[in-house]
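Student: Going down the list, the protein sequences come from chains A and B.
Our numbering numbers the first residue of the first sequence as 1 and each following residue consecutively.
Our numbering numbers the first residue of the second sequence as 1001 and each following residue consecutively.
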Amino acid sequence: MKFIVSSSSLLKHLSSINGVVTTNPVVPILENFLFEIKDSKLTVTASDLQTSMITEIDVEAKEDGNIAVPAKILIETLKNLPEQPVTFSIDKETYSIEISSDNGRYKLAGENATDFPKIPVVTNATTVDMSTEVLSNAINNTIFATSNDELRPAMTGVYVNLSDTNVTFVATDGHRLIRYRRVDIASPEAASIIIPRKALNLLKATLPSENVPIAVDFNNSNAYFRFSNIKMICRLIDERFPDYENVIPLDNNNDMTIDRMEFLSSLRRIAIYANKTTHQVRLKLTGSELQISAEDLDFSNEANERLSCEHEGEDIEIGFNAKFLVEMLNNINAKEITLKFSAPNRAGLILPSDMKENEDILMLVMPVMLSNYV
Amino acid sequence: MDAFFASVEQMDFPDLRGKPVAVGGNRERGVVAAASYEARKFGVKSAMSSKIAALKCPSLIFVKPRFERYKVLSVQIRDIFFAYTDLVEPLSLDEAFLDVTENKFNLPSATLIAKEIRARIKAEIGLNASAGISYNKFLAKVASDINKPNGQAVITPRQATEFLEKLEIERFFGIGKVTSEKMKKLGIHNGLDLKQYSLDFLTRRFGKSGLHYYNIVRGIHESPVNPHRDRKSLSVENTFEKDIHLETELDQVRSDLLDELFRRIEKNKVQGRTLTLKLKYKDFTQQTRSKTLNRFLTQEDIRVLSKELIYQESLKMPIRLMGLGLSNFDQEEEKAGIQLVFERFFEDSTDQSNED
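1. Let's test the definition: count the other Cβ atoms within 10 Å of the Cβ of A:A223 and tell me whether it reaches 16, buried, or not, exposed.
2. Any beta-carbon of chain B closer than 8 Å to the one on A:T51?
3. Beta carbon of A:T51, beta carbon of A:K204: below 8 Å?
4. Below 9 Å on C-beta distance, what does A:L151 contact in chain B?
5. Would A:I37 and A:A61 qualify as a contact pair, given that the criterion is a beta-carbon distance under 8 Å?
6. Taking 6 Å as the limit between beta carbons, can you name the residues of its chain near A:N321, skipping five residues before and five after?
7. Can you determine whether any heavy atom of the ligand COA sits closer than 7 Å to the C-beta of A:N229, and answer yes or no?
8. Going by C-alpha to C-alpha distance, which of A:N331, A:R105, A:P188 sits closest to A:T127?
9. Using 8 Å as the limit for Cβ to Cβ distance, is A:V368 near chain B?
10. Which ranges would you report for the alpha helix (DSSP H) in the segment 5 to 51 of chain A if only whole runs of at least 4 residues count?
11. Please list the segments of the alpha helix (DSSP H) lying wholly inside the segment 1154 to 1227 of chain B, counting only runs of 4 or more residues, in order along the chain.
12. Can at least three beta-carbon pairs, one atom from the segment 1255 to 1275 of chain B and one from the segment 1337 to 1346 of chain B, be found at a separation below 8 Å?
13. Check the Cβ of A:N254 against every Cβ in chain B and list those closer than 9 Å, keeping chain order.
14. Counting only Cβ-Cβ distances shorter than 7 Å, please list the residues of the segment 265 to 282 of chain A near chain D, keeping chain order.
15. Going straight from the alpha carbon of B:R1040 to that of B:P1020, what length do you get?
16. Do B:L1087 and B:V1253 come within 8 Å of each other at the CB atom, strictly closer than that value?
17. Compute the Euclidean distance between the alpha carbons of A:A334 and A:D251, then round it to the nearest angstrom.
18. If A:T77 sits next to A:Y106, beta carbons under 8 Å apart, how far is it from one beta carbon to the other, in whole angstroms?
19. Does the beta-carbon of A:L11 have 16 or more other beta-carbons within 10 angstroms, so that it is buried, or is it exposed?
20. For the beta strand (DSSP E) that B:Q1252 lies in, which residues bound it at each end?
21. Using 8 Å for Cβ pairs, my map puts A:S308 next to A:S288. What's the rounded Cβ distance?
22. Determine the burial state of B:H1228: buried for a count of at least 16 other Cβ atoms within 10 Å of its Cβ, exposed for fewer.
23. Do three or more CB pairs link the segment 1073 to 1087 of chain B to the segment 1110 to 1118 of chain B at distances below 8 Å?
24. So, with DSSP's three-state summary, where would you put B:F1081?
25. Could you tell me whether any Cβ in chain A is nearer than 8 Å to the Cβ of B:G1337?
26. What's the gap between the Cα of B:G1191 and the Cα of B:E1165?
27. Any idea which residues DSSP pairs A:K118 with across the strands?
28. Considering only the alpha carbon of each residue, which of A:N304, A:V86, A:I361, A:R260 lies closest to A:L325?
29. With a threshold of 16 other CB atoms inside 10 Å of the CB of A:K340, please say whether the residue is buried or exposed.
30. Can you look up A:F227 in the DSSP assignment and give me helix, strand or coil?
31. Can you say whether B:Q1010 is buried or exposed, counting buried as having 16 or more other CB atoms within 10 angstroms of its CB?
32. Mind checking whether B:R1273 and B:L1293 have CB atoms under 8 Å apart?
33. Suppose you measure from the CA of A:E312 to the CA of A:S342; what does that come to, to the nearest Å?
34. Flag this pair as yes or no: are the beta carbons of A:L34 and A:V44 separated by less than 8 Å?
35. Quick check: is the beta carbon of B:V1341 nearer than 8 Å to any beta carbon in chain A?
36. Rounding to the nearest angstrom, what Cα-Cα distance links A:P117 and A:N32 in this structure?
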């Protein structure tokens, strides 16, 4: 079997799916790309069993055939070749692969394509159409709040609740929670799925910068994303997502509205002086003045700043993990934000002062208990 | 108390009196929990395997421990302590530190109080006790070993320096087998040797404990007698009837240990972040494996983690004992700076499966 393909075009396609390939996969053959040629079309598959990505590229080929090609060595080779057509010759008996270019010949050991795990097919699927921009916004707004706690798998992904009027994306690690809702997409059928973080990270890296349509098919066990010439299929997290609506407080009447960038920059400076493990900062609201302070007793470091804000409610002193606040404020696209509190041991709400059309975002963060030595 | 468990057995069963007795597992397996003074003459010590103990002392009588009985006596003894002071810090079932600087009878001398307490233990319970008297906990403990059994000793501030300089390093309270071996390699055989080393050197060698060693050899030990010493860990363990060879077998006995651990956790109302698996091999070498989460472990977490720990690496040789422990508790003083978690967030999803 033999085919000819542009080195740079192949590299571009492989790079977009290479993120799936893990360095130490459960099954060694998963260190390979699966190459399948049919009617001068090369289909390349990469998989880690949980997530698989597939791309297609036109090649010059006289016959059909399949082979598994070591991913790392192939990518390295292509990266270091000047743009040119390269010829792949595959020995069907030994699975040896020879790549020839103007510069020379490279021989590597492939594997039998039939050993490559079968990629699941999504049957009885529900399909939702959206755009890459919407999906990428949804991912960026939520993924940072997912949990690393492998003992609570439900929270290591983003929960997606689909209804006929909107789609809601939720991520939480038990300390903070993001709810991102779009009213410009809808599903023919109501459903809830949890998409693993790895798949979303791969999508985030692969989604094109220009806005193109994306179709999402899903059933109980898998989701299938189709856009441009890439397909991704991932196994869903089959767990019950925490009852997140119950933790969203409705009676937080202590409101503070503040310029987002001013608040963010101040937090970034103060955080430098906070305890390195708790990242605890203290917010003290007195009238319309916000005092932000932190101290690290281990190093006798301390800092404080004062900002003005609009404030409605009792004076309050509340502690937060600065890293959480910084991450959340970073991901809100608004000039001003409103923080809504009730008590120093109850969840605080962060909302953009003005919502963008078609989207609704709500962030929730649990405080850090303050010590009273100050 | 002197050889507490063994003495209780000899007290309750007159046939055992004057004979070498070991409380603990049977002759084949198990470990000596306590040895009577008659047995100690043969070199039988606590924590020694029963098999070796039996070799050292062929006439050794093995007695099964009756912990319930020991506990009852322990409470009675503690009540006697409380008659003199409320500042009683239990060290084990049969040992405690008492701060008698101010005592309920306004007795002027600690020596006198020690004498009275020992006499009352003998009269009311029937056991011999030893006491050590000094100006801090460390020295009192060391002093209590001087005239054992059935005696007492005082270390005055004037005597302390000389006494500690001459004291063999392994007899320092708090310096165990491992540390004393390390010290001996450094040429430290007694207090005087230890005194030669700088604080800087000791902290580099022994970490936090370095400061402690530096201080105690100078007779300095500031720790107050603390009647409410918080439990720092909670553990359960089980020595098997027969050595276990396979992880899958360990996995099977795990559920019994878990039940016991959960029962103890419930009873003590503790929450911990670290789970530790202890394995004792056939040759008595010990290995611990642990996992820590940045939150309190639920029963389900403990179930999952205990299994993971068992399979974490392969067994070096057959296992005679397995233990599970929970630690890294929520200390009151650490509460500040704790990141709060959404309330009732996980109850339905993770905490339901604790009855199986």
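Cβ atoms here follow ideal geometry from the backbone N, Cα and C, with glycine treated the same way.
Tutor: So, from the data block:
1. A:A223 is buried by the Cβ-count criterion.
2. Nearest CB-CB separation between A:T51 and chain B: not below the 8 Å threshold.
3. If you check the CB distance, A:T51 and A:K204 do not come in under 8 Å.
4. Within 9 Å Cβ-Cβ: L1293, L1297, T1298, E1300, D1301, V1304, L1305, T1350.
5. Yes, the Cβ-Cβ distance between A:I37 and A:A61 is below 8 Å.
6. Closer than 6 Å at the Cβ level, and outside the excluded window around A:N321, lie H279, V368.
7. No copy of the ligand COA appears in this structure; indeed no ligand is present at all.
8. Among A:N331, A:R105, A:P188, the Cα nearest to that of A:T127 is on A:P188.
9. Interface criterion met: the Cβ of A:V368 is under 8 Å from a Cβ in chain B.
10. Secondary structure remark: continuous alpha helix (DSSP H) runs of at least 4 residues inside the segment 5 to 51 of chain A, in chain order: 7 to 17.
11. Segments of the alpha helix (DSSP H) lying fully in the segment 1154 to 1227 of chain B: 1157 to 1166, 1177 to 1185, 1191 to 1195, 1199 to 1206, 1208 to 1216.
12. Two segments are said to touch when three or more pairs of C-beta atoms, one from each, lie closer than 8 Å; by this definition the segment 1255 to 1275 of chain B does not touch the segment 1337 to 1346 of chain B.
13. Those do not exist, as A:N254 stays about 17 Å from chain B at its closest Cβ, beyond 9 Å.
14. The structure shown contains no chain D; the protein chains it does contain are A and B.
15. A direct Cα-Cα distance of roughly 8 Å separates B:R1040 from B:P1020.
16. For B:V1253 and B:L1087, no; Cβs fall outside 8 Å.
17. So the alpha carbons of these two residues sit roughly 23 Å apart.
18. Confirmed, about 6 Å.
19. With 16 or more Cβ atoms within 10 Å of its Cβ, A:L11 is classed as buried.
20. No beta strand (DSSP E) holds B:Q1252; the alpha helix (DSSP H) holding it covers 1247 to 1268.
21. Sure, about 6 Å apart at Cβ, within 8 Å.
22. With fewer than 16 other Cβ atoms within 10 Å, it is exposed.
23. With contact defined as three or more Cβ pairs closer than 8 Å, the segment 1073 to 1087 of chain B and the segment 1110 to 1118 of chain B are in contact.
24. In the structure shown, B:F1081 sits in a helix (DSSP, three-state: H, G or I).
25. Interface residue, yes.
26. Taking C-alpha positions only, B:G1191 is separated from B:E1165 by approximately 4 Å.
27. Within the DSSP bridge table, the entry for A:K118 names no partner.
28. If we check each option's Cα against that of A:L325, A:R260 comes out closest.
29. Buried, since its Cβ has 16 or more Cβ neighbours within 10 Å.
30. Here A:F227 sits in strand by DSSP.
31. Under this definition B:Q1010 is a buried residue.
32. Going by C-beta atoms, B:R1273 is nearer than 8 Å to B:L1293.
33. Taking the straight line from one Cα to the other gives about 12 Å.
34. Cβ atoms of A:L34 and A:V44: closer than 8 Å.
35. Yes, B:V1341 lies at the interface with chain A (some Cβ there is under 8 Å from its Cβ).
36. Using only the alpha carbons, I get a separation of about 11 Å.
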